[in-house]
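First to last, the protein sequences are chains A and B. With the numbering used here as the guide, the letters of the first sequence map in order to residues 0 to 418. With the numbering used here as the guide, the letters of the second sequence map in order to residues 0 to 418. Structure first, then comments.
2 protein chains.
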Amino acid sequence: MIKERTSKPTEKMLKEAAKGEPLSGEELAAGLKQGTIIILGNTLRAGKVRPTAVGKGTRTKVNANFGTSRDASGIKEERKKIQIAIEAGADTVMDLSTGKDIEQTLKMSLEESSVPVGTVPIYGLAARALAKGCKFDDISEEDFIDSVIAHCELGVDFITVHSGLTLEGVRHLENEGRVTGIVSRGGSFLHRWMRFTGKENPLYTYYDEILKVAGKYNVALSLGDGLRPGSIADATDRCQTTELLILGELVDRARSVGVQAMVEGPGHVPLDQIRLNIQMQKEICKGAPFYVLGPLVTDIAAGYDHITAAIGGAIAAAAGADFLCYVTPAEHLRLPTVEDVHIGVIAMRIAAHAADVAKGLPGAADWDLKMSKARKKLNWEKMYSLSIDPTLARKLRGSRRPRDENFCSMCSELCALKD
Amino acid sequence: MIKERTSKPTEKMLKEAAKGEPLSGEELAAGLKQGTIIILGNTLRAGKVRPTAVGKGTRTKVNANFGTSRDASGIKEERKKIQIAIEAGADTVMDLSTGKDIEQTLKMSLEESSVPVGTVPIYGLAARALAKGCKFDDISEEDFIDSVIAHCELGVDFITVHSGLTLEGVRHLENEGRVTGIVSRGGSFLHRWMRFTGKENPLYTYYDEILKVAGKYNVALSLGDGLRPGSIADATDRCQTTELLILGELVDRARSVGVQAMVEGPGHVPLDQIRLNIQMQKEICKGAPFYVLGPLVTDIAAGYDHITAAIGGAIAAAAGADFLCYVTPAEHLRLPTVEDVHIGVIAMRIAAHAADVAKGLPGAADWDLKMSKARKKLNWEKMYSLSIDPTLARKLRGSRRPRDENFCSMCSELCALKD
């Protein structure tokens with residue numbers, strides 16, 4: 000009954016998505032059929048968005064979040080962030096606006112972005128509730144589903160739905176106890192609404208409705224982890240795991256009606272539990288693409304969380320995570336600036352590439368080989384052009400010029416490479 | 000015959016070294032006896048240097064390199080780097096000067112630094128050879144040993160000696176071929192001297208002389224890896240492994256006369272080969288402390304190599320590496336600035352701490368727990384003070400002030416933590 004009008008990625012989309020991948024269009028189609036690969040691209044944005052494959056055997060992808068908050072930024076700055084993120088090599092962007100002009104910001108994003116755009120549709124509801132002084136009584140179950148429908152119809156390419164946060168997960172949350180409770184913005188809003196109304200999560204109850212509209216426009220579901228750990232002490236606990244089990248169920252249901260789904264993952268996770276988390280997701284969610292936030296391997300480095308996330312992201316992707324959400328130096332401290340966005344994307348791209356090399360992704364290490372050959376020849380122009388951030392590489396070397404232009408100011412003529 | 004006057008770490012040094020460690024003085028003494036732990040501190044600097052334990056069961060340590068090059072910097076800037084490195088939490092520093100005033104810079108370092116100071120004694124010879132137009136004919140075998148003796152007698156706490164770079168390693172280097180050849184400054188200088196003279200490495204031939212003077216002043220030997228890979232393509236090859244075998248032999252010889260020794264390791268290593276490298280070193284060198292440079296998990300990120308090194312360092316330390324040499328954003332591009340030193344130390348401390356948490360080092364995760372409890376309470380002053388870089392954390396949050404001082408400008412009143 001659900002699948003009245005299901006759009007699937009077209010041949011053309013598959014072909015485009017295969018560019019820059021070690022897989023052919025046919026191989027992508029096979030993964031798509033199994034559900035181990037998804038292709039991002041709302042049919043309403045056909046021709047505007049670069050169809051992007053996420054999943055098994057594809058290059059590890061990197062997402063950059065942006066968006067206003069109540070306290071800071073506006074459409075102009077957010078447009079700049081999209082541009083900078085794409086320039087720096089982000090594969091997707093997510094508009095997480097919760098400030099004023101939410102709808103206008105999203106429309107601008109969909110116009111501006113050549114890469115897939117994701118959102119968390121219920122943020123609009125949360126902002127509305129906040130504006131009214133945290134009133135939940137005028138937010139109905141229908142409002143949740145309507146927010147999802149609205150974003151699909153606007154052309155959003157993938158949406159986070161926290162459909163796995165159920166009353167059973169909340170029971171574990173309360174019963175086990177946590178250091179940092181809920182740290183997901185969407186998860187916390189849902190939890191408050193559930194507590195206020197005593198009802199089950201409408202994104203779970205009416206999941207079929209979500210599948211219907213997602214299928215209609217080829218919107219990929221990003222099954223959110225509202226109960227992700229916000230401190231390493233909370234990692235891999237009962238409430239996180241309960242939610243993961245529901246996410247596995249929701250993957251099955253999406254697949255059964257031909258809707259694309261991936262799963263979101265933590266969060267704050269100590270280094271030695273990262274592989275475990277990836278393996279659990281891959282088993283429980285039957286190989287669905289895994290989209291992780293970091294993970295952050297320690298809680299103590301606010302200001303440097305692009306680094307804690309790059310450590311965790313590299314390990315996660317090498318262990319099988321498919322899609323890394325960047326974390327900027329601003330995390331835990333402020334709304335990111337344009338420069339934060341730039342650094343965040345580069346740091347996570349380093350992690351993604353290091354993981355692709357480690358996994359033996361065909362062709363991944365060619366980039367390193369070209370760079371190292373140029374380095375051995377002391378061919379600086381080639382080294383700049385092969386650097387992940389050519390502008391910065393040129394700037395740093397230029398800022399302390401060597402006397403002999405063949406070298407750099409670190410070792411000067413003692414450069415070992417001329418050996 | 001060698002051990003005419005061997006100094007050992009005193010009871011007092013062990014007691015001081017145990018501060019901030021999960022091990023007691025007695026446990027340190029046991030590790031010291033087995034050779035799995037060393038205590039850095041030249042007897043000539045007793046009272047001036049903080050005795051520092053490196054090895055099994057101790058907190059992962061971080062070293063910061065500094066030093067002039069021919070092209071840049073001077074004593075004043077290098078003094079500032081030492082101060083900044085120690086403030087940022089470096090456990091040791093290494094003076095790698097190759098510019099003018101080498102001896103004065105080292106004397107300043109030994110005066111300035113409250114933490115152990117390391118050097119590569121042969122750099123002075125290399126700089127002298129360079130100043131004379133890369134002439135090797137007036138550098139004798141005795142000169143190599145004399146450079147080592149001079150540094151031990153000046154009070155240096157640990158010295159890198161590339162005694163494992165032998166003619167057999169060079170044979171493999173030439174025979175197997177490499178993308179980036181030799182990238183170690185000391186290794187490349189030795190190699191050129193060996194090629195010029197046709198002689199075996201004097202640091203190997205006269206290793207007993209080195210042991211004699213090191214033992215006299217409780218100088219720890221850092222057995223250098225002159226053949227470390229300089230690109231991920233070269234990682235774990237025959238010449239690197241040949242050198243590691245010799246380093247294992249040299250550890251045995253040092254232990255047999257009661258001289259403290261650790262082993263230096265790579266370098267550029269793909270993520271999936273890091274654990275292998277640590278396990279190989281631990282087996283071949285019979286549990287000797289392992290001091291690694293990074294490792295860098297990709298070659299393509301000049302300008303961000305503090306991040307590539309933090310990824311590799313965290314994985315290496317979690318797998319058993321004991322001591323991480325920082326890498327700054329300047330690596331491959333310029334002599335580091337004071338700010339580069341600061342960022343480099345913080346990035347590697349994040350890696351070291353994440354690894355200590357992962358290894359389950361007693362007490363390591365307490366820091367994270369305190370931070371996360373403060374975060375849950377939205378206690379910003381406490382969060383700042385617990386941050387790895389309190390000044391930066393305060394600055395970032397302050398730069399985009401929230402309207403409501405309880406939160407930050409990222410989520411403002413939608414902060415999930417108030418759930």
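For glycine and all other residues, C-beta sits at the position ideal for the given N, C-alpha and C.
Would you mind giving the Cβ-Cβ distance between Leu43/B and Tyr216/B, rounded to the nearest angstrom? I have them listed as a contact below 8 Å. With a Cβ gap of about 6 Å, Leu43/B and Tyr216/B count as contacting.
Around the Cβ of Leu275/A, are there at least 16 other Cβ atoms within 10 angstroms (buried) or fewer (exposed)? Exposed.
Would you say His161/B faces chain A, with C-beta separation under 9 Å as the test? Interface flag for His161/B against chain A is unset, since no Cβ pair is found closer than 9 Å.
Inter-residue spacing [alpha-carbon to alpha-carbon] between Pro269/A and Leu124/B: Near 45 Å, if we compare the C-alpha coordinates of Leu124/B and Pro269/A.
With a CB to CB cut of under 7 Å and the five nearest residues on each side skipped, what residues in its chain are close to Lys79/A? Excluding residues within five positions, the ones whose Cβ falls inside 7 Å are Val337.
Within this structure, are the beta carbons of Gly40/B and Ala16/B separated by less than 9 Å? Cβ distance < 9 Å, so Gly40/B and Ala16/B count as in contact.
Sheet register partners of Ala63/A (DSSP bridge): Partner residues in the beta bridge of Ala63/A, as assigned by DSSP, are Val92/A.
Rank Val218/A, Cys238/A and Lys381/A by C-alpha distance to the C-alpha of Arg393/A and give the top, closest one. Checked all of Val218/A, Cys238/A and Lys381/A; the closest Cα to Arg393/A is Lys381/A.
For Gly266/B, count neighbouring Cβ atoms within 10 angstroms of its own Cβ and tell me buried if that reaches 16, exposed if not. In this structure Gly266/B is buried. Its beta-carbon is surrounded by 16 or more other beta-carbon atoms within 10 angstroms.
Inside the segment 180 to 213 of chain A only - beta strand (DSSP E) runs reaching at least 3 residues: The segment 180 to 213 of chain A contains no whole beta strand (DSSP E) run of 3 or more residues.
Nearest-angstrom Cα separation, counted from His161/A out to Cys151/A: Straight-line measurement puts the Cα of His161/A at about 16 Å from the Cα of Cys151/A.
Interface flag, Ala232/B vs chain A, CB-CB below 9 Å: With respect to chain A, the C-beta atom of Ala232/B has a partner C-beta closer than 9 Å.
Which residues in chain A have a C-beta closer than 8 Å to the C-beta of Pro111/B? List them in chain order. The sequence shown places Glu at residue 111/B, not Pro. Those within 8 Å of Glu111/B in chain A number zero; the least Cβ separation is about 22 Å.
So which residues on chain A does Asp224/B lean against when the C-beta distance must stay under 9 Å? In chain order: nothing, as chain A lies at least about 12 Å away.
Does chain B have any CB closer than 9 Å to the CB of Cys407/A? Interface residue (Cβ-Cβ distance to chain B less than 9 Å): Cys407/A is classified as such.
Leaving out five residues before and five after Asn200/B in sequence, what residues of the same chain have Cβ atoms less than 8 Å from its Cβ? Same-chain partners within the cutoff: His161, Ser162, Leu164, Thr165, Leu166, Leu189 and Met193.
Give me the Cα-Cα distance between Val500/A and Ala260/A, rounded to the nearest whole angstrom. Outside the displayed span of chain A (0 to 418) sits residue 500/A, for which this structure offers no information.
Could you tell me how far apart the beta carbons of Ile349/B and Ile306/A are, in whole angstroms, since I believe they sit closer than 8 Å? Rounded, the Cβ-Cβ distance is 6 Å, consistent with contact.
Along the chain, where does the beta strand (DSSP E) containing Tyr290/B start, and where does it finish? Judged by DSSP secondary structure, Tyr290/B falls within the beta strand (DSSP E) whose first and last residues are Phe289 to Leu292.
Proximity test, Cβ basis, 9 Å: Ala125/B and chain E: The displayed structure is made up of protein chains A and B, and chain E is not among them.
If you measure from the beta carbon of Asp94/B to each beta carbon in chain A, is any gap under 9 Å? Taking Cβ atoms only, chain A never reaches closer than 9 Å to Asp94/B, which makes this a no.
With a cut-off of 8 Å, do at least 3 Cβ pairs link the segment 356 to 371 of chain B to the segment 325 to 333 of chain B? Judged by Cβ distances under 8 Å, the segment 356 to 371 of chain B makes no contact with the segment 325 to 333 of chain B, as fewer than three pairs qualify.
Using a Cβ-Cβ distance under 9 Å, would Glu102/B count as near chain A? Glu102/B does not count as touching chain A.
Please list the partners that Lys426/B has in chain A, where partner means a Cβ-to-Cβ separation under 7 Å. The displayed coordinates of chain B run from 0 to 418. Any statement about residue 426/B would go beyond what the structure contains.
I think Cys284/B touches Leu323/B, with their Cβ atoms under 8 Å apart; what is that distance to the nearest whole Å? With 8 Å as the limit, Cys284/B and Leu323/B do not qualify as a contact, their Cβ atoms being about 17 Å apart.
Cβ of Arg191/B less than 9 Å from any chain A Cβ? True, the Cβ-Cβ gap to chain A drops below 9 Å.
Hey, is Met279/B's beta-carbon within less than 9 Å of any beta-carbon in chain A? Chain A, which has no Cβ nearer than 9 Å to the Cβ of Met279/B, makes this no.
Alpha carbon to alpha carbon, how far is Leu413/A from Ile158/A? Give it in angstroms, no decimals. Spanning the two alpha carbons is a distance of roughly 54 Å.
Report yes or no: is there a C-beta of chain B within less than 9 Å of the C-beta of Phe157/A? No, Phe157/A lies away from the interface with chain B (no Cβ there is under 9 Å from its Cβ).
Member of Thr297/B, Lys375/B, Val296/B and Asp321/B whose CA lies at the smallest distance from the CA of Asp90/B: Per the Cα distances, Asp321/B.
Reduced DSSP category for Thr327/A - H, G, I as helix; E, B as strand; rest coil: Reduced to three states, the DSSP call for Thr327/A is coil.
Quick one, which of Glu140/B, Leu295/B, Asp100/B and Tyr205/B has its alpha-carbon nearest Arg252/B's? Cα-wise, what sits closest to Arg252/B is Tyr205/B.
Determine whether the Cβ of Gly359/B lies closer than 9 Å to any Cβ atom of chain A. Contacts with chain A at 9 Å (Cβ-Cβ) include Gly359/B.
To the nearest angstrom, report how far apart Leu84/B and Ala63/B are at their CA atoms. Here residue 84/B turns out to be Ala, not Leu, going by the sequence shown. So the alpha carbons of these two residues sit roughly 6 Å apart.
Contact criterion: CB-CB distance below 9 Å. Does Ala84/B meet it with respect to chain A? Not closer than 9 Å to any Cβ of chain A, the Cβ of Ala84/B fails to qualify, so no.
Three or more C-beta pairs under 8 Å: does that hold for the segment 232 to 245 of chain B against the segment 170 to 178 of chain B? Touching, per the Cβ criterion.
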